[in-house]
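Just so we're aligned: the sequence shown equals residues -8 to 187 in the working numbering.
For glycine and all other residues, C-beta sits at the position ideal for the given N, C-alpha and C.
Since the model is a prediction, treat every value here as computed from it, not as a measurement.
The structure under discussion appears below in the form of structure tokens.
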Amino acid sequence: MNYVYTEKDLALISWELIDKFIDKLYDDIINYLKKENLVIKYIVPIMRGGGVPAIKLSHMFNVIDMLPIQLKYNHETCNVDLKIDLDNYQVDKLNDKECILLIEGNHVTGKTANIAASQIRHKFGDNVKIIYISLTRDYTYRNSVQGVCYTTWAMTTNETKQLTVEECNKLNIDYNLVSVYPWENNQEELKELKAE
């Protein structure tokens, strides 16, 4: 039986918590960059969810160049539609010490992020260094994105319901709740959840 979501299952994440998430991600990324002697050349937000954290992180890292990608899961075809791809952008070649920061808001299965990472490799070559981050990430699929040099997230979820209640309790993950960001709305999120 599939879990039927209702409005009580939706957890509105506050702007204050978003700030804490972004601060945590910034610290994780800066530590990795220092360790590997890398700098971020481009930020690639996966629109729409990755847009807000990407803008804030672009200021924190002082990275001007952003290359948004837009992907949308199509419930009718059960595929991910590419709305905006990297072919739209003129870019400079990366040197050995430059990398790309790929940003997602909510990572559920990682399918969208894998497509975005594939687009980056297509544009910049197979040896491109990609750091992939998300605000929230389904625990079961936390390491599902291939071809990245580093990945991190701020909070784990159980949106795919792959974990049992007992497993969630051990991992300090709320079994039922689905994150809704301050820029989203409950009705749209419930519609998406019911279409899955």
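Exercise. Sort R112, A45, V35 by Cα distance to I75 and report the nearest one.
Key: V35
Start-to-end residues for the beta strand (DSSP E) that takes in I31:
30 to 38
- Any contact of the region 43 to 54 with the region 148 to 156, i.e. 3+ C-beta pairs under 8 Å? no
Practice item. Using three-state DSSP, classify D72 as helix, strand or coil. Key: strand
Q. In three-state terms, what does DSSP make of Q110?
A. helix
Identity of the residue in C140, P173, L126 nearest L16 by Cα = L126
Next on the checklist: For W174, tell me which candidate among T(-3), N134, G40, Y23 has the shortest Cα-Cα distance.
Outcome noted: G40
- Could you work out which residue in E(-2), T(-3), L8, L29 is closest to Y172 when comparing CA atoms only? L8
*Best match in I106, Y23, I37, L48 for proximity to D188 [C-alpha to C-alpha]*: Nothing about residue 188 can be reported from this structure: the residues present for the chain run from -8 to 187 only.
field: Anticipated Cβ contact below 8 Å, I122 with V139, distance rounded
entry: 7 Å
Closest to D72 by CA distance: which of T103, L58, S109, I31 is it?
-> T103
_Boundaries of the alpha helix (DSSP H) in which C159 is found, first to last residue_ = 156 to 162
Q) How would you label H50, buried or exposed, when you count the other beta carbons within 10 angstroms and need 16 or more for buried? A) exposed
Go ahead and label E204 buried or exposed: buried means 16 or more other beta carbons lie within 10 angstroms of its beta carbon, across all protein chains shown. No answer is possible for residue 204: it lies beyond the span of the chain, which begins at -8 and ends at 187.
What is the DSSP secondary structure of G96, reduced to helix, strand or coil?
-> strand
inquiry  = At a threshold of 7 Å, does A45 count as lining the ligand PLP (C-beta to nearest heavy atom)?
reply    = This structure lacks the ligand PLP; in fact it carries no ligand of any kind.
Among residues of its own chain, excluding the 5 on either side of Y23, which ones have a beta-carbon nearer than 6 Å to its beta-carbon?
Y141
- Residue nearest to I111 in terms of C-alpha spacing, selected from T100, C90, E67: C90
Item checked: Straight-line Cα distance separating V82 from K88 -> 16 Å
Three-state class that DSSP yields for L168 in the structure shown: coil
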